[in-house]
Amino acid sequence: MNITILSALPELLESPFRHSILQRAQVRGLLTVQVVDLREHGIGRHRQLDDYQYGGSAGMVMMAEPLANAIDALSKERAFDEIIYLTPDGERLDQHMANNLSMKENLLLICGHYKGIDERIRELYVTREISIGDYVLSGGEIAAAVLVDAIGRLIPGVLSDGTSALEDSFQDGLLAPPVYTRPEEIHGLKVPDVLLSGDHKAIAKWREEQAMERTRKRRPDLLDEE
593 MNITILSALP ELLESPFRHS ILQRAQVRGL LTVQVVDLRE HGIGRHRQLD DYQYGGSAGM
653 VMMAEPLANA IDALSKERAF DEIIYLTPDG ERLDQHMANN LSMKENLLLI CGHYKGIDER
713 IRELYVTREI SIGDYVLSGG EIAAAVLVDA IGRLIPGVLS DGTSALEDSF QDGLLAPPVY
773 TRPEEIHGLK VPDVLLSGDH KAIAKWREEQ AMERTRKRRP DLLDEE
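Every position in the sequence shown, counted from 1, becomes a number in our numbering once 592 is added.
Shown next, in the form of structure tokens:
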């Protein structure tokens, strides 16, 4: 998979993809993350990217021309399955969406800044708009990093244990059950006996019950119960 990120501040994305799982994915050739500096397509001597809003109001807007020029240039290199704009008013990112996007070949992510991007770019180029939550960030780079991480770990071969991602929270619509490791007791708290029993059927049943109970208490909105 190839993910291209169009950013006015590419230096903000230098670290997230150079460590841990995403770094290994790139070393193995399973994922390519290309960060493109939007300022290369800026206007004039100063490589301008933003301007005042038509109609007045506070806050600058990212200009249409640099974005259009950048997207056109990148689209000549490859055909993108989705051109995604990270924005607070997009559809909320969830596990189902991450699963779906992980099966694509080429994605282009647009990081917004200021009051956002010129609406005409959204109308002409953007195929999907995604939000990582109901809050506003200083720019789309952090949101892009979150999206790439959520997608990248799902690519077959990225995780050393291929079944691990399938047992994460939200994969089956529930939160994941509690997990334990050594020692068996700490500060008077013991690992549940069932996990030490070796009875795989009982352990699976316990985990299913715990996942349901945890979801009911912490995220009842995920359940369809009346």
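Note that beta-carbon positions come from the ideal geometry of N, C-alpha and C, so glycine has one too.
Keep in mind that this is a model prediction, so the values were computed, not measured.
Distance between residue j and residue i (C-alpha atoms, nearest Å)
| i | j | result |
| --- | --- | --- |
| D664 | H705 | 20 Å |
| L729 | T596 | 20 Å |
| D816 | D629 | 44 Å |
| R745 | F762 | 14 Å |
| I743 | Q687 | 9 Å |
| H611 | T773 | 25 Å |
| D741 | D764 | 19 Å |
| D642 | E776 | 58 Å |
| I702 | K782 | 48 Å |
| Q615 | N691 | 20 Å |
| T719 | G780 | 54 Å |
| R810 | G790 | 29 Å |
| Y717 | E801 | 45 Å |
| H792 | K668 | 53 Å |
| E818 | E805 | Bear in mind that a pLDDT of 46 at E818, under 50, signals an unreliable position, so the number given afterwards is only what the model happens to contain. If I take the Cα positions, the gap works out to 16 Å. |
| L788 | I778 | 15 Å |
| L739 | L814 | 21 Å |
Residues near residue i by beta carbon distance below 8 Å, same chain, minus five either side
| i | result |
| --- | --- |
| A794 | V786 |
| L604 | G731, E733 and I734 |
CB of residue i within 8 Å of CB of residue j, strictly
| i | j | result |
| --- | --- | --- |
| L751 | T807 | no |
| S723 | E674 | no |
| G708 | V653 | yes |
| R712 | A656 | yes |
| Y677 | R714 | yes |
| L700 | L666 | yes |
| P784 | W798 | yes |
| I747 | A617 | yes |
From the options, residue whose alpha carbon lies closest to that of residue i
| i | options | result |
| --- | --- | --- |
| T624 | K809, G780, A662 and N594 | N594 |
| G621 | V627, V628 and I613 | I613 |
| S599 | F762, Q802, Q763 and A737 | A737 |
| K696 | D686, C703 and A671 | A671 |
| D726 | H779, N692 and T679 | T679 |
| G542 | E801, V718 and L601 | Only positions 593 to 818 of the chain appear in this structure, which leaves residue 542 out of reach. |
| V619 | I778, G749, D791 and L788 | G749 |
| D710 | Y646, H792, A796 and I778 | Y646 |
| A796 | V771, S649 and I778 | V771 |
Own chain, CB closer than 6 Å to residue i, minus 5 neighbours either side, in chain order
| i | result |
| --- | --- |
| S607 | none |
| L685 | I722 and I724 |
| Q626 | T596 |
| L693 | I743 |
| R631 | R639 |
| M689 | none |
| F609 | V625 |
Residues near residue i in its chain [Cβ-Cβ closer than 7 Å; skip 5 each side]
| i | result |
| --- | --- |
| A803 | L766, L767, A768 and P769 |
| Y644 | M652 |
| N698 | N594, R670, A671, F672 and D673 |
What are the complete alpha helix (DSSP H) segments, minimum 4 residues, inside the segment 634-689?
Entirely contained in the segment 634-689, the alpha helix (DSSP H) runs reaching 4 residues are, in chain order, 656-669.
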